[in-house]
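Chemist: Chains as they are written, first to last, in my numbering: chain A, 1 to 338; chain B, 1001 to 1357. First the structure, which I've put down as structure tokens, then a few questions once you've had a look.
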Amino acid sequence: MSPKPSKTASEQLQAIAAWPLQMFFRLLDIPLRGIQKMGGIGSMPYVFLLPNLAFFGMFVIIPLFINFGFSLTGGTNLFLQDRVYVGGEQYSFLFECENYMVSATCQEDRFWKGIFNTAIFVLFQVTFLVIFSLITAIILNRKIRARGFFRAVFFFPVLLSPVVVALIWKWILLRDGILNAFLVTLGLDKILFFVSPEWAMFWAVFVSIWAHMGFYTLILLAGLQAIPPDLYEAAEMDGTSKERVFWRITLPLLWPNMLVVIVLALIKGVQIFDEVYVLTGGGPGTATQFIVQYIYNTGFTNQVQNFGLASASSVVLGVVLFVLTMLQLAATRRRNNG
Amino acid sequence: MADATAHRRTIGTLLTARRGRGKLHWTDIFTYLYLAFGILLMFGPVVWLVLSSFKTPAGLLEFPPTLLPLGQISAEVEGYDKPLPIFRATLEDGTEMELAQVRRIGIVSQMVDPANPDQTYKVPISNRTPVREFRIASENYTEPLRKFNFGGYLWNSIIVTVVATAITLLINSMAAYGLSIYEFRGRNAIMIFVIGTLMIPITVILVPVYLVVTSLDMVNSLWAVILPGAATPTGVFLLRQYMLTLPRDLIEAARMDRASEWQIYWRVVLPLALPAIAVLAIFSIMWRWNDFLWPLIVLNRSEVYTLQLGLNAFQGELDVQWHYILAMTVVTLIPVVVVFGFLQRFITTGIASSGMK
Chain A
1 MSPKPSKTAS EQLQAIAAWP LQMFFRLLDI PLRGIQKMGG IGSMPYVFLL PNLAFFGMFV
61 IIPLFINFGF SLTGGTNLFL QDRVYVGGEQ YSFLFECENY MVSATCQEDR FWKGIFNTAI
121 FVLFQVTFLV IFSLITAIIL NRKIRARGFF RAVFFFPVLL SPVVVALIWK WILLRDGILN
181 AFLVTLGLDK ILFFVSPEWA MFWAVFVSIW AHMGFYTLIL LAGLQAIPPD LYEAAEMDGT
241 SKERVFWRIT LPLLWPNMLV VIVLALIKGV QIFDEVYVLT GGGPGTATQF IVQYIYNTGF
301 TNQVQNFGLA SASSVVLGVV LFVLTMLQLA ATRRRNNG
Chain B
1001 MADATAHRRT IGTLLTARRG RGKLHWTDIF TYLYLAFGIL LMFGPVVWLV LSSFKTPAGL
1061 LEFPPTLLPL GQISAEVEGY DKPLPIFRAT LEDGTEMELA QVRRIGIVSQ MVDPANPDQT
1121 YKVPISNRTP VREFRIASEN YTEPLRKFNF GGYLWNSIIV TVVATAITLL INSMAAYGLS
1181 IYEFRGRNAI MIFVIGTLMI PITVILVPVY LVVTSLDMVN SLWAVILPGA ATPTGVFLLR
1241 QYMLTLPRDL IEAARMDRAS EWQIYWRVVL PLALPAIAVL AIFSIMWRWN DFLWPLIVLN
1301 RSEVYTLQLG LNAFQGELDV QWHYILAMTV VTLIPVVVVF GFLQRFITTG IASSGMK
């Protein structure tokens, strides 16, 4: 018998740390072995799936159905048995408008204001997000020095929490913040960014692009790297101009990835809440109040918690997201087949 | 001489570095301008946050702001209880002196010579400038822990992150194992079901999940944050795809050795799936540490706040104490930066291959 090689300190430490984990799995083996004996191997996949599916059922599937039920009831009670059935009243309340293009003429004007705000936000945010992600991805795909470093530079905000992102920018944009100091040294006037509705919306869009661009850049970068290099070499041999290479090779071959990015950005954009809520609080007034904040305010912060109305509007949001997700599946299929 | 030419050549190649043959294209110049601007725009705000977090409240109020944290020097002067702030004052006769300010009345400041406390001066405030030195206000970091229970928020965040990630890894890997190793009736249906739940974000079912959590009597407990998001479709999908690539012979061999299915799961498959599990662990830590909307709804008492909620509550107060907020924002940011620093490759390849975050 050869002597056992002595363990290093870190190996010993790992062994000690892993011990409770080992015991946990070993103890669970006793009942699970019993189940296997009784039900046979055929029953084991169900055993393995049970915990996860139970969680899904309890916190996703059952709520999904209750949500619809909720939207058909009124009153301020949370528990379903205490709520009164009102049929489609919540929906007709939400959709009662004299003129759908002017939110102020609607019965529930905050809902429509939220929808309009979200639409404007998504339009600008997704457009510029995709454009800047594309430019960044193309630049990171070039033969540049320290590519890994630059990739990290553009990527790291993705990992920051929405609260941190919002506070970082709020600190810059305050009345006496560094951006206004910069404007003053240029001889301009200070701008109260959170008092003007247009500026507040601009910074909501800007900050959310700043925070999420790295994620989409990464997807596009992976797409760019999948384009066969010989195509570019052939184009260079033929003396094709760079502009032409971009329009004729890069963009068409990247298009399936672009579609995925656009739809993903739409799905995320429609649900915008966190960073803008902390940055502007939805203000000034309701200038940056989006649909998720409307749901949150209606159901959870207003003096009278209107769960029925919150549910009805989240069902509307769910329908929009469902359509977008179908688009995403179609886009993904095209990418994988193309 | 030779050194100088070599040196010039490196600078020359650096400045004209370009792809392929031909002249320096406008895209080359654009690339470097874009990258330089990128560094400024992406790093600048974070650097500014960190620099500002070391400033004293008085330093933060300054306009225009100084780049580095500077603090006004103060001195103990005989006959006065508190340390007095030091100014460089220009006296009426034109001499400059470093004086300590006793009090300020309107636009006139009453000053005293620290070396000679009996001698007092009256100086208009326009004729004095504060004397400052580089000083790091570390109390911004230590005081919130004592005064505002930020230690408690930090602890809650850690508990939520660790417990939720442990549960997620366990039940997701079990489900992935069941879906990838066995052939059984309803497997495809369950897979479609799992992917289907991907389409139902929490924003759509806020009210009913709140009802479920209330029925379980979990409002204002950390379990209300931990449990609803524990089963992630992303995780099941990611782990299943990985486990499908594992060799079947290993599992068959283990069965020959009379290992139970549970033993095969944790002794054979889990260790082999460690790379995928690591990716999921990183994702889960990020999700949980940064989670905001759901905790905002179910945690209403400040004892159970997570860091994110604590920060949000703090910045929403009427009298915003930015010196504390900035420091606590830095604290909230540190774990993410550390994780990213060590695991950048894991994270970026994980996202690029799964298209999820």
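We put the beta carbon where it would ideally sit given N, CA and C, even for glycine.
My output table needs one value for residue 1090/B: the three-state DSSP class, helix, strand or coil.
Modeler: In this structure, residue 1090/B counts as strand in the three-state DSSP scheme.
Chemist: Based on Cα-Cα distance, which residue from 1288/B, 1308/B, 1185/B, 1335/B lies nearest to residue 167/A?
Modeler: Cα-wise, what sits closest to residue 167/A is 1308/B.
Chemist: Buried or exposed: residue 1288/B, going by 16 or more other Cβ atoms within 10 Å of its Cβ?
Modeler: Result: buried.
Chemist: Pick out the complete alpha helix (DSSP H) segments inside the segment 1117 to 1173 of chain B, 4 residues or longer, and give them in chain order.
Modeler: DSSP runs (the alpha helix (DSSP H)) wholly in the segment 1117 to 1173 of chain B: 1139 to 1147.
Chemist: Along the segment 24 to 43 of chain A, where does the CB come closer than 8 Å to a CB of chain B? Name the residues.
Modeler: Flagged, chain order: 25, 28, 29, 32, 33, 36, 41, 42.
Chemist: Is the CB-CB distance between residue 153/A and residue 1038/B below 8 Å?
Modeler: For residue 153/A and residue 1038/B, yes; Cβs fall inside 8 Å.
Chemist: Taking Cβ-Cβ distances shorter than 9 Å, what residues in chain B pair up with residue 113/A?
Modeler: Under the 9 Å cutoff, chain B gives no residues; its nearest Cβ is about 18 Å from residue 113/A.
Chemist: Based on the DSSP output, what are the partners of residue 1109/B in its beta bridges?
Modeler: Partner(s): 1104/B, 1123/B.
Chemist: Rounded to the nearest angstrom, what separates residue 1171/B and residue 1236/B at their Cα positions?
Modeler: Going from the Cα of residue 1171/B to the Cα of residue 1236/B covers about 9 Å.
Chemist: Distance cutoff 8 Å, beta carbons only. Does residue 1327/B sit that close to anything in chain A?
Modeler: Not an interface residue.
Chemist: Determine which residues of the segment 1041 to 1055 of chain B have a Cβ less than 9 Å from any Cβ of chain A, and write them out in chain order.
Modeler: Within the segment 1041 to 1055 of chain B, the qualifying residues are 1041, 1042, 1043, 1044, 1045, 1046, 1048, 1049, 1052.
Chemist: Where residue 288/A and residue 207/A are concerned, what is the direct C-alpha to C-alpha distance, given to the nearest angstrom?
Modeler: Each residue's Cα considered, the two are about 13 Å apart.
Chemist: Under 8 Å by Cβ, that's how I've got residue 335/A and residue 260/A pegged, so tell me the actual separation to the nearest angstrom.
Modeler: With 8 Å as the limit, residue 335/A and residue 260/A qualify as a contact, their Cβ atoms being about 6 Å apart.
Chemist: So within the segment 1262 to 1317 of chain B, which uninterrupted alpha helix (DSSP H) runs reach at least 4 residues, ignoring any that extend past its ends?
Modeler: Qualifying alpha helix (DSSP H) stretches, in chain order: 1274 to 1290, 1293 to 1298, 1307 to 1315.
Chemist: Smallest Cα separation from residue 1227/B: which of 1267/B, 1214/B, 1035/B?
Modeler: Of 1267/B, 1214/B, 1035/B, the residue nearest in Cα terms is 1214/B.
Chemist: So, is the C-beta of residue 302/A closer than 8 Å to a C-beta in chain B?
Modeler: Closer than 8 Å: no.
Chemist: State whether the segment 294 to 303 of chain A contacts the segment 197 to 212 of chain A, with contact taken as three or more CB pairs (one from each stretch) at a distance under 8 Å.
Modeler: With a cut-off of 8 Å, the segment 197 to 212 of chain A and the segment 294 to 303 of chain A do not count as touching, because too few Cβ pairs lie within range.
Chemist: Counting C-beta neighbours from all protein chains within 10 Å, is the total for residue 1157/B 16 or more, i.e. buried, or is it exposed?
Modeler: Buried, by the Cβ-count rule.
Chemist: Are the C-beta atoms of residue 187/A and some chain B residue less than 8 Å apart?
Modeler: Chain B, which has no Cβ nearer than 8 Å to the Cβ of residue 187/A, makes this no.
Chemist: Answer yes or no: does any C-beta atom of chain A fall closer than 8 Å to that of residue 1034/B?
Modeler: Chain A, which has a Cβ nearer than 8 Å to the Cβ of residue 1034/B, makes this yes.
Chemist: Which one of 1305/B, 1120/B, 1066/B, 1203/B has the shortest CA to CA distance from residue 312/A?
Modeler: Looking at the Cα atoms, 1203/B is the closest of the given residues.
Chemist: If the cut-off is 8 Å on Cβ atoms, which residues from the segment 278 to 302 of chain A count as contacting chain B, listed in chain order?
Modeler: Answer in chain order: 278, 281, 292, 295, 296, 299, 300.
Chemist: Where DSSP assigns a beta bridge to residue 74/A, which residues make up the other side?
Modeler: DSSP, once it has assigned bridges, lists 84/A as partnering residue 74/A.
Chemist: Hey, would you say residue 307/A sits closer than 8 Å to residue 318/A, going by beta carbons?
Modeler: Cβ distance not < 8 Å, so residue 307/A and residue 318/A don't count as in contact.
Chemist: What are the start and end residues of the alpha helix (DSSP H) that includes residue 1196/B?
Modeler: Residue 1196/B -> alpha helix (DSSP H) spans 1187 to 1197.
Chemist: Does the CB of residue 1209/B have a neighbour CB from chain A at under 8 Å?
Modeler: Interface residue, yes.
Chemist: For chain A, is any of its Cβ atoms less than 8 Å away from the one on residue 1204/B?
Modeler: By this cut-off, residue 1204/B is an interface position.
Chemist: Would you say the segment 1149 to 1167 of chain B touches the segment 1289 to 1308 of chain B, given that touching needs at least three Cβ pairs under 8 Å?
Modeler: Yes, the segment 1149 to 1167 of chain B touches the segment 1289 to 1308 of chain B.
Chemist: Along the chain, where does the alpha helix (DSSP H) that runs through residue 1053/B open and close?
Modeler: 1026 to 1053 is the extent of the alpha helix (DSSP H) around residue 1053/B.
Chemist: So with CB distances below 7 Å, who are the chain A contacts of residue 1312/B?
Modeler: Under the 7 Å cutoff, chain A gives 163, 278.
Chemist: Between residue 171/A and chain B, is any beta-carbon pair separated by less than 8 Å?
Modeler: Judged by the 8 Å Cβ criterion, residue 171/A is in contact with chain B.
Chemist: Report, in whole angstroms, the separation of the C-beta atoms of residue 1084/B and residue 1123/B, which I expect to be a contact under 8 Å.
Modeler: Wrong, their Cβ atoms sit about 14 Å apart, outside the cutoff.
Chemist: Looking at the unbroken alpha helix (DSSP H) that takes in residue 138/A, where does it start and where does it end?
Modeler: Per DSSP, residue 138/A belongs to the alpha helix (DSSP H) from 109 to 140.
Chemist: I want to see whether chain B comes within less than 8 Å of residue 20/A, judged by CB atoms only; does it?
Modeler: Closer than 8 Å: no.
Chemist: Just the C-alpha distance for residue 34/A and residue 1209/B, rounded to the nearest angstrom, thanks.
Modeler: For residue 34/A and residue 1209/B, the distance between alpha carbons rounds to 35 Å.
Chemist: Using a Cβ-Cβ cut-off of less than 9 Å, give me the residues of the segment 1250 to 1269 of chain B that come near chain A, in sequence order.
Modeler: Residues passing the 9 Å Cβ filter: 1255, 1260, 1261, 1262, 1263, 1265, 1266, 1267.
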